[in-house]
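Okay, structure first, notes after.
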Amino acid sequence: MNKWSLLLSFLLPAFAHAQQDSVYLFSYFKNNGEDGLHLAYSEDGLQWKALHNDQSVLQPKVANDKLMRDPCIIRGHDGQFHMVWTVSWKDRGIGYASSKDLLHWSEQQFLPVMAKERTAENCWAPEIFYDAANRQYILYWSTTIPGRFPETAGRGDNNHRIYYVTTSDFKQYSDTRLLYDGGFNVIDATIQKSGDTYLMFVKDETLKPAPQKNLRLVTSKKATGGYSAASKPITGNYWAEGPTALYIKGRWIVYFDKYTLHQYGAVASTDLVNWSDISSEVSFPDGARHGTVLAISRAELDRLRKGF
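Quick note: the sequence shown uses the working numbering, first residue 872, plus one each step.
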């Protein structure tokens, strides 16, 4: 047995064990986000059960409106959990906090990411992605700036594009830049990586002349730009928002809020081209709104169950 075979003989069982040891966490909000962060878990990525009797596990404390909508949590390369959220319908910044165990959180911060854009109307649905290729975190969200992108002005209640900043330490941040302009009113971006390709699932927020309100996929070879034209809709004849994606058991699952129907749905694909609606297979806590998923260990889940 050569050294590589020997190494694999140790690593493959460990990897298999790690896969078996994973469960999934869903961070979400309810109502208008006034009571803060809610969490649920799943063994299979389909059936989701609320933690802490579906009560809030973290109260919002920043910005005038003190909301905690659209919470996004990732595990950073530093081992800590990092979270961002929407603090208000009309503020020019987002919320940020970190945690080592998902039980105890740092002091909440208000990040004024659109402060230099004096006419910016909002910062909606922020998310975080760790760009390993450049050893930096990307914080991204959607904003409407009146007068920008006139070609799509008047086609909805707003005219959003996706913007971003980068940071390596959550202390110093880059200037704000445009991340995605696909030629349509776009919100609710979420980024995943598949091989050497970055996947961004987005909501087409176009309302006129014909409503879209569906989810689409764009791709790039780098995380911070160069994204393709949008795919055809991957969701069906209903209004969908707040996508979050998970690769599990050989297929991609995109969960989303069927917000006009007051229920959660999902679509699945093995090739990122052909999508099937599997909403009948998933179950989420009643009233769950726009959230994100991540993998955690069973030991971490046990600590959460005991800690709340």
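Each residue gets a CB set at the ideal place from its N, CA and C atoms; glycine is no exception.
Problem - Close beta carbons around residue 925, own chain, < 6 Å, minus the five adjacent residues each side - result: Taking the sequence shown and counting its residues from 1, the one referred to as residue 925 is at position 54. So the qualifying residues of the chain are 1156.
Problem - Cβ-based neighbour list, residue 1077, same chain, cut-off 8 Å, excluding 5 preceding and 5 following - result: For this step, residue 1077 is matched to residue 206 along the sequence shown. So the list reads 1023, 1026, 1027, 1055, 1056, 1083, 1084, once near-sequence residues are dropped.
Exercise for the section: Within the same chain, show all residues whose beta-carbon is closer than 6 Å to that of residue 1103, passing over the 5 residues directly before and after it, in chain order. Expected result: If you number the sequence shown from 1, residue 1103 lands on position 232. Counting only Cβ-Cβ distances below 6 Å, and skipping sequence neighbours, we find nothing.
Exercise for the section: Let me know if residue 1142 comes out buried or exposed under the rule of 16 or more other beta-carbons within 10 Å of its beta-carbon. Expected result: As a first step, residue 1142 must be located in the sequence shown, where it is residue number 271. It is exposed - the Cβ of residue 1142 has fewer than 16 other Cβ atoms within 10 Å.
Handout entry: Option in 914, 1013, 1088, 1144 with minimal Cα separation from residue 999
Key = For this step, residue 999 is matched to residue 128 along the sequence shown. Closest option to residue 999, Cα to Cα, is 1013.
Handout entry: Pair within 8 Å by beta-carbon distance, residue 938 and residue 903
Key = The residue you call residue 938 lines up with position 67 of the sequence shown. The residue you call residue 903 lines up with position 32 of the sequence shown. Their beta carbons are under 8 Å apart, which means residue 938 touches residue 903 by this criterion.
Practice task
Could you say which of 1039, 1122, 1044, 1016 lies nearest to residue 1065 if we only look at CA atoms?
Solution key: Looking up residue 1065 in the sequence shown gives position 194. Comparing Cα positions, the closest option is 1122.
Practice task
Per DSSP, which residues does residue 1179 bridge with? Please list them.
Solution key: In the sequence shown, residue 1179 corresponds to position 308, counting from 1. Residue 1179 pairs with nothing; no bridge assigned.
Handout entry: Stretch pair the region 911-919 + the region 973-980: three plus CB contacts closer than 8 Å
Key = no
Practice task
List the endpoints of the continuous beta strand (DSSP E) containing residue 1144.
Solution key: For the purposes of this step, residue 1144 is taken as the residue at position 273 of the sequence shown. Here residue 1144 belongs to no beta strand (DSSP E), and DSSP marks it neither H nor E.
Problem - Of the listed residues 1074, 1047, 1075, 1090, nearest to residue 1067 (C-alpha basis) - result: The residue labelled residue 1067 in the question sits at position 196 within the sequence shown. When only C-alpha atoms are compared, the closest one is 1090.
Handout entry: 8 Å Cβ cutoff met for residue 987 and residue 1158
Key = Working through the sequence shown from its first residue, we reach residue 987 at position 116. Working through the sequence shown from its first residue, we reach residue 1158 at position 287. For residue 987 and residue 1158, no; Cβs fall outside 8 Å.
Problem - Every unbroken beta strand (DSSP E) inside the region 951-994 [3 residues or more] - result: 952-957, 965-970, 980-982
Handout entry: residue 1168, DSSP secondary structure in three states
Key = Along the sequence shown, read from residue 1 onward, the residue named residue 1168 stands at position 297. Correct three-state label for residue 1168: strand.
Practice task
For residue 959, I'd like the list of residues in its chain whose CB is within less than 7 Å of its CB, leaving aside the five on either flank, ordered along the chain.
Solution key: As a first step, residue 959 must be located in the sequence shown, where it is residue number 88. Taken in chain order, the residues that qualify are 934, 935, 936, 938.
Exercise for the section: Indicate the three-state DSSP secondary structure (helix, strand or coil) for residue 1076 in the structure shown. Expected result: Residue 1076 sits at position 205 when you count from the first residue of the sequence shown. Note: residue 1076 maps to coil in three-state DSSP.
Problem - Which of helix, strand or coil DSSP assigns to residue 1099 - result: In the sequence shown, the residue the question calls residue 1099 occupies position 228. Note: residue 1099 maps to coil in three-state DSSP.
Handout entry: Supposed close pair residue 1137, residue 1150 - CB separation, criterion 8 Å
Key = Taking the first residue of the sequence shown as position 1, residue 1137 is located at position 266. Taking the first residue of the sequence shown as position 1, residue 1150 is located at position 279. Indeed they touch by this definition, with Cβ atoms about 6 Å apart.
Practice task
Tell whether a beta-carbon distance below 8 Å holds between residue 1161 and residue 940.
Solution key: Within the sequence shown, numbered from 1, the residue matching residue 1161 stands at position 290. Within the sequence shown, numbered from 1, the residue matching residue 940 stands at position 69. Between residue 1161 and residue 940, the gap from beta carbon to beta carbon is short of 8 Å.
Handout entry: Burial state of residue 1021, where buried means 16 or more other Cβ atoms lie within 10 Å
Key = Numbered from 1 along the sequence shown, position 150 holds the residue referred to as residue 1021. Residue 1021 is exposed by the Cβ-count criterion.
Exercise for the section: Would you give the residue range spanned by the beta strand (DSSP E) that residue 893 belongs to? Expected result: Position 22 of the sequence shown, counting from 1, holds the residue named residue 893. Residues 893-900.
Exercise for the section: Return the CA-CA distance between residue 1052 and residue 1015, expressed in angstroms with no decimal places. Expected result: Position 181 of the sequence shown, counted from the start, is the residue given in the question as residue 1052. Position 144 of the sequence shown, counted from the start, is the residue given in the question as residue 1015. Cα to Cα, residue 1052 sits roughly 12 Å from residue 1015.
Handout entry: CA-to-CA distance, residue 1124 to residue 1140, given in whole angstroms
Key = For the purposes of this step, residue 1140 is taken as residue 269 along the sequence shown, with counting starting at 1. For the purposes of this step, residue 1124 is taken as residue 253 along the sequence shown, with counting starting at 1. Near 7 Å, if we compare the C-alpha coordinates of residue 1124 and residue 1140.
Handout entry: Status (buried if at least 16 other CB within 10 Å, exposed otherwise) for residue 1030
Key = For the purposes of this step, residue 1030 is taken as residue 159 along the sequence shown, with counting starting at 1. Under this definition residue 1030 is a buried residue.
Practice task
Identify the continuous beta strand (DSSP E) that holds residue 824 and give its terminal residues.
Solution key: Past the edges of the chain, shown from 872 to 1179, lies residue 824, and the structure says nothing about it.
Handout entry: Simplified DSSP state of residue 924, which is helix, strand or coil
Key = Within the sequence shown, residue 924 is the residue found at index 53, counting from 1. DSSP places residue 924 in helix when its eight states are reduced to three.
Exercise for the section: State the DSSP-derived secondary structure class of residue 878, mapped to helix, strand or coil. Expected result: For this step, residue 878 is matched to residue 7 along the sequence shown. Note that residue 878 has pLDDT 35, beneath the 50 cutoff, so the model's placement of it is unreliable and the number below is only indicative. The answer is helix: DSSP assigns residue 878 an H, G or I state.
Problem - Under 8 Å between C-beta atoms of residue 1174 and residue 972 - result: In the sequence shown, the residue the question calls residue 1174 occupies position 303. In the sequence shown, the residue the question calls residue 972 occupies position 101. It is a contact, given that the beta carbons lie within the stated cut-off.
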